[in-house]
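Worksheet: the structure to be examined is printed underneath.
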């Protein structure tokens, strides 16, 4: 069997198959012989018996036809049937003769039947011919009964022939059946025995020669997979299984080597990672050297080590490990001096073997020895020398040891660089602090000098007064002397004495004048010193401004450096969490979700830091608008009720009497402050609840801001029953990154920025934040005090549309019409006025319905779904405003236009709820007729007409596509002049206006249209992408009904706003927009060529993965130059352009792209991690079509790309 075992598996299987095939051939030969005999018998029956049965049936049928023809000829005495019968007679005779050629056993009976037929035919023919040809005497000799008996006898004989033929066929079939059964029994028994024998033999052979070796190979493979590389394998044959076992043996040996290599590599990485962990942190250079040597020397199985740091062109010994110092060893080397200096000079590792006896020794308590090998490695980071490390060992260093040393050098260099930078920064900080202290001392000295100067000035003033007194006394003395000179001429001695006294006084006066001059000179010197000090202060202020600018640039750069890797983290973790490939486990998906959540928290922290920076730099802009208190409170209730329920807490909103209906402030910043309050409240409250209390300031409240007037202030208090705030910590928690307790952030999380931002925002809004808490576990109350303010831009009475936007909480549903005719519902409790309006409605071909109270009006509106509603405010039951709210809250009645006729002046509220118009009673007939003309115009045309004034062809197609499924006729104008011509020629129901037009400014066009009385009531929606200042926004709101900024969700907002003015609601609008928001990759993105321009491979990888999944074809460029080259070589559908890149940044690249004629219409989306507001305008000015900041939201990117990759482009 050895020769058979060495055969290939193919030959073994083929041998068994040939044996089985041989047995099968024998079985086939046996069955063939048996089936041949059976086939002969079946063929005889088919050839002899079955034709007889068929022909007899045909003869019987023709015989009946023959009898009928003879009978017809006799009755009609017509020759035609007779002639047909004669032809049929000859046919039957031939068919009867044919029966003689089939079954020999039936020939006798066939001859008898043939004779009977011919006898019958002759009698029947003779009788018919006699009747047809008038041979009456001949007819009398033929008895019809005899003819009928002959025909009956013939049919009986034919039936007997048919039965006998069937019996013969049945006998043959029975014989075939018996023979087939015998063949089956014999063939089945013999074939089954052969098959069983073949199965047993093949099973034994396959199991012994194939299955058993395969089981052994599988078992060996499983043990190898589990890491057992000592498994024993023997290849006993030269077939495929033998070769398989040989391959397994090679695989075992290869995996063993690979496992050992991976184990060593993992050990190397572990050692490097541990070293990197140990030297991370705020360590100085000596600590880093000690840590490095204490970790590396044992890890490399070495015994001694030294680390030199490169300082001032010399390598100085920084640290050592187990070093025995000798007198001849130096602690400092120049570059190129000794092996240490030479390794540093060449920037290459030096390995020394066979060290001399007087080399560095390794000593212990038992003795000392020279190292067997030493390695000197330079520490280099980014091409700069940081130091040298020298390690000696009693054994030879392995490749793994040298690899650990090579990989560790980079971390050591970075740690040393960081330590040096920290030391330099610390010195600079100390110098700055010392300089600040010197400035304080100089200011103190200046104050002292000023005080001295002031005192000296006072003394000088006193001296001058004294001098004047002395001079006056001197003059009086002179007068007295002159008088006495005449009287006392005789007394010369007395005169001389007085002259001497006068001389002494003059000398004293001269000394005082000199002293005064010296004091004036000293004062001038001090003034010059003050001027120099002022110049020094101005220089310090300039440095402070420069420091502030550096801080802004640092925040911008920090934003880019943090958001760039964060962008990749969020995109890839979100893609992993979605698990579209289905190859991740539940735990892995949870890990990806945790990564995405942590990244989102980090993004929130970055945004908070940038918010603080914007506030400190004065770049935070406010949008002051009217804010209804009740509406804002309800929004907060809806927002935080779910949070409270989830935490098992209560949430209440209280509004005191006396609080104004509305205040004028920035709604977004106010809600941001309240969100910070509520976030802290829910975080630190475990039992009880949280309350929003809106009230006037309590008596005795002291404001830090002197301009706050308690009578013009509203307080927003967030009251909780949480852990409270200790009294000593109540000022600290408003500082950045500070919380009440150091353990708070560890227990509850958070950064401490929320309250800091809230405090700064409150200052921007002109208010302040105060905290009241009785201590720990006593709860806390954070109160925001805001001035009521005043309206910045008052509205005009001609406005017929509200500025406030109503949230679209229900998907629009097109109400089903009950009647074909137009219907008007009048809701007014004044029956006379209602009847007048109803009569006028019928004149304008409206079917009028009247309701005299609010409840009935709501019911009728839902039941009849009228085309329009005229509503009064003062109604019994619920008033008109409540009716309006219910109508707009119901999807069935939401789209019905409502016109108010009321005696109360509540125009602003009504328009804010969505009313189309508001007329103050008493109204005249012309006003009512004007209203009906508007209603008739809006309901008579099945199509609404929309005018779009936009110079971008891409936006043209996008807006046309947006309204393609609605009954809207869209007209496009590319300039302001063209729009004026179209408005002069045609009438439109609404207009969409972009502010950037080629021939005129959008503001000018608005003012021109508003001055035209015919166009005053035309609803105008400003749809623009430019950032509006408060002055521009106020100027637009005088004439525009809505202002929509172009963003990723602006299309949905535009559709909603236009639907309000065109009085229609699309039942498929919401679903269509939703479907557009998740278009399949095969429609918009499939096959689109996208150029991704970014220098960060992490961003490129993350973006490419998502874009390729959407079906896009991706090309990558690493900077602006490569992008321009790629655009010149190939055609692309869209460019994703990063801003901060080497060689050529995104701004310059976009400018150069727009200079190329064939690329002016190429869509470009700018990507940047800088979050400052001016970045958007810079990108758009450089040539970008739109802007998205990092970290990139895939939904937002997909939405923007869908706009600019529209199928029509």
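In this note's numbering, the protein residues as written are 636 to 1844. Even glycine gets a Cβ: it sits at the ideal position worked out from N, Cα and C.
### Task
Give the single residue among 1319, 1343, 1268 whose Cα lies nearest to the Cα of residue 1296.
Checked all of 1319, 1343, 1268; the closest Cα to residue 1296 is 1268.
### Task
Write down the C-beta distance between residue 1008 and residue 975 rounded to the nearest angstrom, noting that I regard them as a contact closer than 8 Å.
With a beta-carbon spacing of about 16 Å, residue 1008 and residue 975 fall beyond the 8 Å limit used to define contacts.
### Message
Which residues does DSSP list as the beta-bridge partners of residue 1553?
### Response
Paired residue(s): 1535.
### Query
Taking the DSSP output, what are the residues bridged to residue 1627?
DSSP, once it has assigned bridges, lists 1583, 1656 as partnering residue 1627.
#### Entry: Beta bridge counterpart(s) of residue 1751 as assigned by DSSP
When DSSP reads this structure, residue 1751 sits in a beta bridge with 1727.
#### Entry: Beta-bridge pairing of residue 967 - partner residues as DSSP gives them
DSSP, once it has assigned bridges, lists 951 as partnering residue 967.
### Those residues which DSSP pairs with residue 759 across a bridge
Residue 759 is not bridged to any residue.
### Task
In the DSSP assignment, find the alpha helix (DSSP H) that holds residue 1788 and state where it starts and stops.
Segment 1781–1790, the alpha helix (DSSP H) holding residue 1788.
### Task
At 3 residues or longer, and completely inside the segment 1281–1310: list those beta strand (DSSP E) runs for me, N to C.
As far as the segment 1281–1310 is concerned, its whole beta strand (DSSP E) runs of at least 3 residues are 1285–1290, 1297–1300.
### Query
Using the rule of at least 16 other Cβ atoms within 10 Å of the residue's Cβ for burial, across every protein chain shown, is residue 1349 buried or exposed?
Classification for residue 1349: buried.
### Query
For the alpha helix (DSSP H) that contains residue 802, what are its first and last residues?
For residue 802, the uninterrupted alpha helix (DSSP H) segment begins and ends at 779–841.
#### Entry: Environment of residue 1171 [buried if 16+ CB atoms lie within 10 Å]
Label assigned to residue 1171: exposed.
### Task
Return the first residue and the last residue of the beta strand (DSSP E) that residue 1014 is part of.
Boundaries of the beta strand (DSSP E) harbouring residue 1014: 1008–1016, taken from the DSSP string.
### Query
Who are the near neighbours of residue 1075 in its chain, counting only those whose CB is closer than 8 Å to its CB and skipping five residues on each side?
Taking C-beta separations shorter than 8 Å and ignoring five residues to either side along the sequence, residue 1075 has no partners in its chain.
### Message
Looking at the secondary structure, which residues open and close the alpha helix (DSSP H) in which residue 1486 lies?
### Response
Boundaries for residue 1486: no alpha helix (DSSP H) harbours it, while the beta strand (DSSP E) harbouring it runs 1482–1486, taken from the DSSP string.
### Message
DSSP has residue 1422 in a bridge; who is on the other side?
### Response
Secondary-structure assignment with DSSP links residue 1422 through a beta bridge to 1348.
#### Entry: Proximity winner among 921, 1727, 768, relative to residue 1741 (alpha-carbon distances)
Proximity to residue 1741 across 921, 1727, 768 peaks at 1727, based on C-alpha coordinates.
### Task
Report buried or exposed for residue 1811, applying the criterion of at least 16 other Cβ atoms within 10 angstroms of its Cβ.
Result: buried.
### Query
Just to confirm, are residue 1406 and residue 1360 a CB contact at a threshold of 8 Å?
Cβ atoms of residue 1406 and residue 1360: closer than 8 Å.
### Task
Closer than 6 Å by C-beta to residue 1603: which residues in its own chain qualify, once you throw out the five before and the five after it? Chain order, please.
Excluding positions up to five away in sequence, the list reads 1579, 1581.
### Message
Using only the alpha-carbon positions, how far apart do residue 806 and residue 653 sit?
### Response
The C-alpha of residue 806 lies about 42 Å from the C-alpha of residue 653.
### Task
Return helix, strand or coil for residue 915, following the three-state DSSP convention.
Here residue 915 sits in coil by DSSP.
### Query
Is the Cβ-Cβ distance between residue 991 and residue 997 less than 8 Å?
The answer is no: Cβ separation not under 8 Å.
### Message
What does the Cβ neighbour count give for residue 1734, buried or exposed, with the cut at 16 atoms within 10 Å?
### Response
Counting the other Cβ atoms within 10 Å of the Cβ of residue 1734 gives 16 or more, which makes it buried.
### Task
Kindly indicate which residue of 780, 753, 732 has the alpha-carbon position closest to the one of residue 701.
It is 753.
### Query
DSSP three-state call for residue 1772: helix, strand or coil?
It is a strand residue.
### Query
Do the segment 1060–1074 and the segment 930–942 meet, that is, are 3 or more Cβ pairs less than 8 Å apart?
Segments in contact, no.
### Task
Can you tell me which of 1730, 1732, 1725 puts its alpha carbon nearest to the alpha carbon of residue 1766?
The residue with the shortest Cα to Cα distance from residue 1766 is 1725.
### Query
Whose C-alpha, out of 1389, 1345, 1173, 1316, is nearest the C-alpha of residue 1355?
Cα-wise, what sits closest to residue 1355 is 1316.
### Where residue 1050 falls, given that 16 or more other Cβ within 10 Å makes a residue buried
The residue in question, residue 1050, is buried, as its Cβ has 16 or more Cβ neighbours within 10 Å.
### Query
Any chance the segment 1650–1660 sits against the segment 1607–1616, with 3 or more Cβ pairs inside 8 Å?
At 8 Å Cβ cutoff, the stretches do not touch.
### Task
List the whole-angstrom C-beta distance separating residue 1650 from residue 1641, where the pair is believed to meet the contact cut-off of C-beta under 8 Å.
With 8 Å as the limit, residue 1650 and residue 1641 do not qualify as a contact, their Cβ atoms being about 10 Å apart.
### Where residue 1636 sits in the DSSP three-state scheme
Looking at residue 1636 - three-state DSSP - the assignment turns out to be strand.
### Query
Could you give the C-beta distance for residue 1522 and residue 1493, rounded to a whole number, given that I count them as a contact under 8 Å?
Taking 8 Å as the upper bound for CB-CB distance, residue 1522 and residue 1493 are in contact here, some 7 Å apart.
### Message
If I follow the unbroken alpha helix (DSSP H) through residue 1459, where does it start and stop?
### Response
Where residue 1459 is concerned, there is no enclosing alpha helix (DSSP H), although the beta strand (DSSP E) around it starts and stops at 1458–1462.
### Query
Since residue 1288 and residue 1327 are thought to touch, with beta carbons under 8 Å apart, how far apart are those beta carbons, to the nearest angstrom?
Indeed, because the Cβ distance is near 5 Å, the residues count as touching under 8 Å.
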